[in-house]
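Read the structure below first, then the notes.
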Amino acid sequence: MRGALTLCLLLLAATLAALMLGPVRLSPALLWQGLSSGEGPGALVLGTIRGPRVLTALGAGAVLGLSGALFQALFRNPLAAPDIMGFTAGAGLTIIAAIALGLTLPPPLLAAGGGLVAALLVVLLSQRRGHATPPLTMILVGLGIGFIASALSSFLLTLLPHPQAAEAQRWLTGSLAARDWTHVAQVWLIGAALTALALAQLRRLAALELGEDLAAGLGLRVGRARLALAGTAVLLAAAGVAVAGPVPFIALMSGPLGARLTGAQRLQGRMLSAAGTGALVLVVADLAARAALPGIQLPAGVMTGLLGAPYLLWRLSREMEKGEL
Amino acid sequence: MLRLLGLLALLALALVLALSVGARPVTPAVALEALRAYDPTNPDHVTLMAIRLPRLAAGLIAGGALGVAGTIMQVMTRNPLADPGLLGVNSGAAFALLIGATVLGAPDAASVALLTFPGAAMASALVFILGGGLRGDVGPVRLTLAGAALNALLLSLVTAIVLIRQDTLDMFRFWVAGSLTQAASRPLLEMALIAGAGGVFALAVAPQIEALSLGAALSRGLGTKPRRVQAAALVVVTLCTGAAVAVAGPIAFLGLMVPPLARLVAGHALRRELLASALLGAALLLFADTLGRVVMPPAEVRAGIMTALIGGPVFLWVARRLRPGATA
Numbered sequence: 200m201r202g203a204l205t206l207c208l209l210l211l212a213a214t215l216a217a218l219m220l221g222p223v224r225l226s227p228a229l230l231w232q233g234l235s236s237g238e239g240p241g242a243l244v245l246g247t248i249r250g251p252r253v254l255t256a257l258g259a260g261a262v263l264g265l266s267g268a269l270f271q272a273l274f275r276n277p278l279a280a281p282d283i284m285g286f287t288a289g290a291g292l293t294i295i296a297a298i299a300l301g302l303t304l305p306p307p308l309l310a311a312g313g314g315l316v317a318a319l320l321v322v323l324l325s326q327r328r329g330h331a332t333p334p335l336t337m338i339l340v341g342l343g344i345g346f347i348a349s350a351l352s353s354f355l356l357t358l359l360p361h362p363q364a365a366e367a368q369r370w371l372t373g374s375l376a377a378r379d380w381t382h383v384a385q386v387w388l389i390g391a392a393l394t395a396l397a398l399a400q401l402r403r404l405a406a407l408e409l410g411e412d413l414a415a416g417l418g419l420r421v422g423r424a425r426l427a428l429a430g431t432a433v434l435l436a437a438a439g440v441a442v443a444g445p446v447p448f449i450a451l452m453s454g455p456l457g458a459r460l461t462g463a464q465r466l467q468g469r470m471l472s473a474a475g476t477g478a479l480v481l482v483v484a485d486l487a488a489r490a491a492l493p494g495i496q497l498p499a500g501v502m503t504g505l506l507g508a509p510y511l512l513w514r515l516s517r518e519m520e521k522g523e524l
Numbered sequence: 482m483l484r485l486l487g488l489l490a491l492l493a494l495a496l497v498l499a500l501s502v503g504a505r506p507v508t509p510a511v512a513l514e515a516l517r518a519y520d521p522t523n524p525d526h527v528t529l530m531a532i533r534l535p536r537l538a539a540g541l542i543a544g545g546a547l548g549v550a551g552t553i554m555q556v557m558t559r560n561p562l563a564d565p566g567l568l569g570v571n572s573g574a575a576f577a578l579l580i581g582a583t584v585l586g587a588p589d590a591a592s593v594a595l596l597t598f599p600g601a602a603m604a605s606a607l608v609f610i611l612g613g614g615l616r617g618d619v620g621p622v623r624l625t626l627a628g629a630a631l632n633a634l635l636l637s638l639v640t641a642i643v644l645i646r647q648d649t650l651d652m653f654r655f656w657v658a659g660s661l662t663q664a665a666s667r668p669l670l671e672m673a674l675i676a677g678a679g680g681v682f683a684l685a686v687a688p689q690i691e692a693l694s695l696g697a698a699l700s701r702g703l704g705t706k707p708r709r710v711q712a713a714a715l716v717v718v719t720l721c722t723g724a725a726v727a728v729a730g731p732i733a734f735l736g737l738m739v740p741p742l743a744r745l746v747a748g749h750a751l752r753r754e755l756l757a758s759a760l761l762g763a764a765l766l767l768f769a770d771t772l773g774r775v776v777m778p779p780a781e782v783r784a785g786i787m788t789a790l791i792g793g794p795v796f797l798w799v800a801r802r803l804r805p806g807a808t809a
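Here the protein sequences come in this chain order: A and B. For the first sequence, the working numbering gives the first residue as 200, with consecutive numbering after it. For the second sequence, the working numbering gives the first residue as 482, with consecutive numbering after it.
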C-alpha cells in the first residue's frame, strides 16, 4: 500500500514537473489559473503545448509498461518484452511503410497490424515439430524479427524525400514532440479498453504462472489462454507505438522496476505498478530529453535508450549469476 | 583446390558486376580499356576510375575483413550468431569515428579513421566480458542481447550528438547503415594494409584459436594459454572490424552469413575457413552493393541495408536451430 502511494506521488510530481518546466517556466499558480479559468499562459501551455504531450507520454508509457509486464509473466522470463522481441519494431515498420507508400490509415490500426504479424511470425518461426519451444528460442527469433523489421524500415526510409525521411527517422527513435489531443484520446481510450481486457484475464495468467501442466490441471485451456493474453499484450504495445513511436526499453524495464518500487507481490498489483512505472519513466525521459540541452529537443527514445541499455546489461549480468542464461 | 577456384570465380563475377552495373552501365570491354588506357574525356572511363574502382576496393577490404572477423568471433564464442555488427563492435568503431570527426574536428580522413581501432577494441572487449566470455561459456542469447544493448546505447548517444550538431547529419546517415558510396574519400590503401595485417595475424594464431575452441580445459592440456589466445583474437577482430568501418561504415550481418558458408566450402580447418571467409565476404558485399544499385533506380539502397535484408532471414534460420535451454 505504501509502495502504491509512493508511485502515485512520484507520478504526480513528474507530471507537474513536466508541465511546469520548459523554455517558458510556469509556476503551479499559473498552471492552476490556466486550468480553472482557461486564460493566461497556463491555459496555452496546458491546452496546446505541454498538456497533450505529457498526457500522451503518460498513456503510452502505461500501455507499454503493462504490455511488457504481461509478456514477462507469460514467458516467466524478465527478458521477454515487446521491444526486445521485435513487436514494437514490427508496429513501427507498418507505419513507416504506410508513409512511404502513401496510404492513409489510422496509425493505431497500422501499428496493431504490424505488431500482430510480427508476433505471429515469432510464434510460427520458433516452433519446430516434435520439440517444445523454449522461451529463449522465442526471444532469439523475436530479436531476428526485430532486426528484419528495422532493416526494412531503413530500406523504406531511403525511398522518402529528405525532410520526410528526417521526420520518419525521428519518429522511429520514439518521440513525443508535437502531440495533440487526438493522440491523447487515442492512447487513453484504446489503452483503457485493452487494460480492462488484460485485467479480466489475470486469473488465467496467474494459473499459467504456476506452469503449463498445473494450469491445464486446473482446467485451463492453456494454448487458447496464452494466445489471448499474448494478443492483448501485443495490442497494448501497438497502442503505445501508434502515438509515441517504438520507444525502446520502456516495456522491458517497467515490470521489474515497478515491482521493486511498490513491492507488489500479487499479479494485479504487479501489472498496475508496471503500468504506472511505464508512465513515470516515459514522462521523466521526455522531460529529461527536453531539458538536457537548452534549445534542443531530443526525442524521448534517445533518453530511454540511454537508460534502458545499461539496465539490459545489468539484467544480463544478474541472469548470468543465477545461471539462467 | 577446385573449391578455391570456385570461390575465386565467384569473386571475379562479383568484381565484373560491381564494375559494370549501375546508373551508367559500362561493358567489361570498356572497363578493360579504361584500365589499360585511361581517357579522362570519356565519361565511361571517369565513372569507372573515379567512382566504381574505389567502391570496388572498399567492398573488397570491408567484405574480406568482416568475413574474417565474423569467423574468428564465431569460433571464439562457439556461437553461430556472433557478428561484428550484431555484437556492437561496428557501432563502437563508428562511434569513435563520429566522436573524432565532431569533437576533435576532422584534420584529415586517414587520421580520424585510426580512431575506429580503439573504438572496435573497447566494444569487442566489453561485449565479450558482458556476454560471459571470461567464464568460458558464452550463451547465444546472452551474447546477442549484450550486443543489442551496446548497439542501442551507442545509437542513442549518436542520435543525441547528431541532433546537437546538425552538420554531422551526413555522417549519421553513413553511421547508421554502412555504404560503399563514400569510398573515394576514405583512406583505402592504409586500411587495406591494416586489414591485411589482421588477416595474416589471424592465420598465424589460427591453430591456438582452434585448440581453445575445444574447450578451456582441453586447450590448456595442449599448451595454449586461454587469455593470451583471447587477446590475440581481440586484436584480429579489432584490426579487421576497424578497417572495415573506416572504409564502409558499420555493415552488419555479413560476419553472420559468411562463416557457415565458408565452413561449407572449406571444411573444419580454421586456416582454410579464414581464407574462404575473406573471399566470400568480399564477393557477398560486392553483390549486395551491386544489388542495391539496381533494385530501385534511381535511388540507391546502401550496402549495409542490403546485407541486413539478406542476413535477417539467415539470423532467423540459425536462431531456430539453436536450442539455448537444451545445449547450455
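Even for Gly, the Cβ is constructed at its ideal location relative to N, Cα and C.
Does DSSP put R489 (chain A) in a helix, in a strand, or in coil? Three-state DSSP puts R489 (chain A) in a helix.
First and last residue of the alpha helix (DSSP H) that includes S501 (chain B)? Per DSSP, the unbroken alpha helix (DSSP H) holding S501 (chain B) starts and ends at L483 to S501.
Does the region 666-674 of chain B come into contact with the region 533-547 of chain B, if we say contact requires no fewer than three beta-carbon pairs (one atom in each stretch) closer than 8 Å? Because the criterion of three Cβ pairs below 8 Å is met, the region 666-674 of chain B and the region 533-547 of chain B touch.
For T808 (chain B), would you say it is in contact with chain A, using Cβ-to-Cβ distances shorter than 8 Å as the test? Caution is warranted here: a pLDDT of 40 is assigned to T808 (chain B), below 50, making its placement in the model unreliable, and the coordinate value is therefore given only provisionally. Taking Cβ atoms only, chain A never reaches closer than 8 Å to T808 (chain B), which makes this a no.
Can you tell me whether C207 (chain A) is buried or exposed, with buried defined as 16 or more other CB within 10 angstroms of its CB? It counts as exposed.
Beta-carbon within less than 6 Å of F768 (chain B)'s beta-carbon, same chain only, minus the 5 sequence neighbours each way: which residues are those? Beyond the five residues adjoining it in sequence on each side, F768 (chain B) comes within less than 6 Å, by CB distance, of A495 in the same chain, given in chain order.
Can you list, in chain order, the residues of its chain with a C-beta nearer than 6 Å to that of G792 (chain B)? Leave out the 5 residues immediately preceding and following it. Counting only residues of its own chain and dropping the five nearest sequence neighbours on each side, G792 (chain B) has a CB closer than 6 Å to the CB of F734, L737 and M738.
V511 (chain B) versus L534 (chain B) - alpha carbon distance: So the alpha carbons of these two residues sit roughly 13 Å apart.
Close beta carbons around V799 (chain B), own chain, < 7 Å, minus the five adjacent residues each side: In chain order, P561 and L562 place their CB closer than 7 Å to the CB of V799 (chain B), counting only its own chain and leaving out the 5 sequence neighbours on each side.
Taking 8 Å as the CB-CB cut-off, is P227 (chain A) touching chain B? No, because no Cβ of chain B sits closer than 8 Å to the Cβ of P227 (chain A).
Compute the Euclidean distance between the alpha carbons of L512 (chain A) and L760 (chain B), then round it to the nearest angstrom. Approximately 35 Å, taken between the alpha carbons.
Cβ neighbours of L245 (chain A) in the same chain (closer than 8 Å, five flanking residues each side left out): Excluding positions up to five away in sequence, the list reads L218, L230, G233 and L234.
To the nearest angstrom, how far is the alpha carbon of A582 (chain B) from that of A724 (chain B)? Distance between the alpha carbons of A582 (chain B) and A724 (chain B) is about 16 Å.
Which whole-angstrom value describes the C-beta separation of V383 (chain A) and A438 (chain A), a residue pair presumed to lie in contact below a C-beta threshold of 8 Å? No, V383 (chain A) and A438 (chain A) are not in contact; Cβ-Cβ is about 12 Å, not under 8 Å.
Positions along the region 774-786 of chain B whose CB lies within less than 8 Å of some CB in chain A: Under the 8 Å Cβ criterion, the region 774-786 of chain B contributes M777, A780, E781, V782, R783 and I786.
Can you name the residues of chain B whose CB is closer than 7 Å to the CB of G504 (chain A)? Against G504 (chain A), the close residues of chain B are A633, L634, L636 and S637, in the order they occur along the chain (beta-carbon pairs closer than 7 Å).
Runs of alpha helix (DSSP H) wholly within the region 657-737 of chain B (minimum 4 residues, chain order): Runs found: 669-693, 697-702 and 707-729.
Confirm, please, whether the CB-CB distance from A604 (chain B) to L578 (chain B) is below 8 Å. No, the pair does not count as a contact, with Cβ atoms beyond the cut-off.
Look at A290 (chain A) and G314 (chain A) and say whether their C-beta atoms are less than 8 Å apart. In this structure, G314 (chain A) lies closer than 8 Å to A290 (chain A) by Cβ.
4 or more residues per run - each alpha helix (DSSP H) lying fully within the region 393-431 of chain A: If we require 4 residues or more, the alpha helix (DSSP H) runs fully inside the region 393-431 of chain A come out as 401-408 and 411-416.
Do the CB positions of L356 (chain A) and A499 (chain A) come within less than 8 Å of each other? Between L356 (chain A) and A499 (chain A), the gap from beta carbon to beta carbon reaches 8 Å or more.
Within its chain, find whatever has a CB closer than 7 Å to the CB of V396 (chain A); leave out the 5 residues flanking it on each side and keep chain order. Correcting the residue type first, residue 396 (chain A) is Leu in the shown sequence and not Val. For L396 (chain A), the CB contacts under 7 Å within the same chain, skipping 5 residues up- and downstream, are T431 in chain order.
Simplified DSSP assignment, three categories, for N571 (chain B): In the structure shown, N571 (chain B) sits in a helix (DSSP, three-state: H, G or I).
Taking 6 Å as the limit between beta carbons, can you name the residues of its chain near L485 (chain B), skipping five residues before and five after? Counting only Cβ-Cβ distances below 6 Å, and skipping sequence neighbours, we find nothing.
Using three-state DSSP, classify N632 (chain B) as helix, strand or coil. For N632 (chain B), the secondary structure class from DSSP, reduced to helix, strand or coil, is helix.
Cutting at 7 Å between CB atoms, please list the residues of its own chain near P277 (chain A), excluding the five before and the five after it. Taking P277 (chain A) as the centre and dropping the five residues before and after it, the same chain places the C-beta of Q271, P455 and R514 closer than 7 Å to its C-beta, in chain order.
So, with DSSP's three-state summary, where would you put L466 (chain A)? In this structure, DSSP gives L466 (chain A) a helical state, which the three-state scheme calls helix.
Taking contact to mean 3 or more Cβ pairs, one atom from each stretch, closer than 8 Å, check whether the region 332-339 of chain A and the region 403-415 of chain A are in contact. Pairwise C-beta distances place the region 332-339 of chain A out of contact with the region 403-415 of chain A, as fewer than three of them are shorter than 8 Å.
Selection of the region 444-455 of chain A by Cβ proximity to chain B, strictly under 9 Å: Of all residues in the region 444-455 of chain A, P447 and F448 have a Cβ within less than 9 Å of some Cβ in chain B.
DSSP state of G258 (chain A), grouped into three classes? Helix.
Please list, in chain order, the chain B residues whose beta carbon lies closer than 7 Å to that of V340 (chain A). Close partners of V340 (chain A) in chain B (Cβ separation under 7 Å): L797, A800 and R801.
Neighbourhood of A665 (chain B) by C-beta distance below 6 Å, restricted to the same chain and skipping five residues each side: In the same chain as A665 (chain B), and ignoring 5 residues on each side of it, the C-beta atoms closer than 6 Å to its own belong to P535, in chain order.
Contact check, G477 (chain A) vs G264 (chain A) under 8 Å by CB: the rounded distance? Your pair G477 (chain A) and G264 (chain A) checks out as a contact, with CB atoms roughly 2 Å apart and the cut at 8 Å.
If we call anything under 8 Å between Cβ atoms a contact, is L699 (chain B) one with G628 (chain B)? It is not a contact, given that the beta carbons lie outside the stated cut-off.
Under 8 Å between the Cβ atoms of L638 (chain B) and I495 (chain A)? Not a contact, by the Cβ cut-off of 8 Å.
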